[in-house]
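Colleague: Shown below is the structure under consideration.
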Amino acid sequence: MSQECCSSGNQIMLLPCSGASNVGQLANQAAVELSREGYGKMFCLAAIGAGLPNFVKSAQTVPQLVAIDGCQVACTKHLLNKNDVPIGAYIVVQDLGIEKNTNTILDPAQVEKVKDAVKNLGSQPCCNASEQSAQTRCCG
C-alpha cells in the first residue's frame, strides 16, 4: 500500500500489551504517553479479546494500527489474529534489547526507547504481520 502505517495523527490505533512484566508495562506506558502526546490513541485490547463486536469492528476498520507486544509470547498479536484484526505495524519491546523481568518499576529511558521505536515505524509502508521482516517488524 502507498499510505504510511504509523504517521502522526489520531487515526493511529495503539494496542499495547499490558502484561505482568517490565516489558508488558513498558509497552503500555509507551502507548499511554504517545496518546497524551497526540501520536495516536490507545484502544481497549481486552474488549477486542472479549470479542465485543463494536470494539472488534473498530479495530478491523481503523486506517492505521500499531500492535505493541512486550515479549515473544506475543499475546497482542495472537489476540488480534484470533479476532481477524489486520496488524498494520508491529513491535516487540524485547526486540529493542530490553530484558524481560518481573520488576515493574519502569525506567523512563526505556519508555522513551519504546516510544521512539513506535514513532520510527512511521517511515515503513503498511503491511500485514505475515509480510513483516523479523528485523524491523514492519514491511521490507
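Going by the UniProt record's numbering, the sequence shown runs without a break in its numbering and finishes at 140.
Each residue gets a CB set at the ideal place from its N, CA and C atoms; glycine is no exception.
(1) Within a Cβ cutoff of 8 angstroms, which residues of the same chain sit near S21, ignoring the five residues on either side of it in sequence?
(2) From the DSSP output, in three-state form, read off K100 for me.
(3) Give the straight-line distance between the Cα atoms of L14 and D84, rounded to the nearest whole angstrom.
(4) Name the two residues that bound the continuous alpha helix (DSSP H) containing D116.
(5) Can you say whether K82 is buried or exposed, counting buried as having 16 or more other CB atoms within 10 angstroms of its CB?
(6) Could you check if Q11 is buried or exposed, using at least 16 other CB atoms within 10 Å of its CB as the buried criterion?
(7) Please go through the same chain and pick out, in chain order, the residues whose beta-carbon is closer than 8 angstroms to the beta-carbon of S130, but skip the five residues on each side of it.
(8) Where does A46 fall in DSSP's three states?
Modeller: The short version:
(1) Here residue 21 refers to the residue found at position 21 of the sequence shown. The residues are G70, C71, K100, N101, T102, T104.
(2) By 1-based counting over the sequence shown, the position of residue 100 is 100. Looking at K100 - three-state DSSP - the assignment turns out to be coil, as it is neither helix nor strand.
(3) As a first step, residue 14 is located in the sequence shown; it is residue number 14 there, counting from the start. As a first step, residue 84 is located in the sequence shown; it is residue number 84 there, counting from the start. Pairing L14 with D84, the inter-Cα distance amounts to about 16 angstroms.
(4) Indexing the sequence shown from 1 puts residue 116 at position 116. That run of the alpha helix (DSSP H) goes 108-120.
(5) What you label residue 82 is simply residue 82 of the sequence shown in a count that begins at 1. Under this definition K82 is an exposed residue.
(6) Here residue 11 refers to the residue found at position 11 of the sequence shown. Exposed is the label assigned to Q11, since fewer than 16 other Cβ atoms lie within 10 Å of its Cβ.
(7) Residue 130 sits at position 130 when you count from the first residue of the sequence shown. Low confidence applies to S130: its pLDDT is 44, below 50, so where it sits in the model is not reliable, and the reading given next is rough at best. There are no such residues.
(8) Residue 46 sits at position 46 when you count from the first residue of the sequence shown. Helix, per DSSP.
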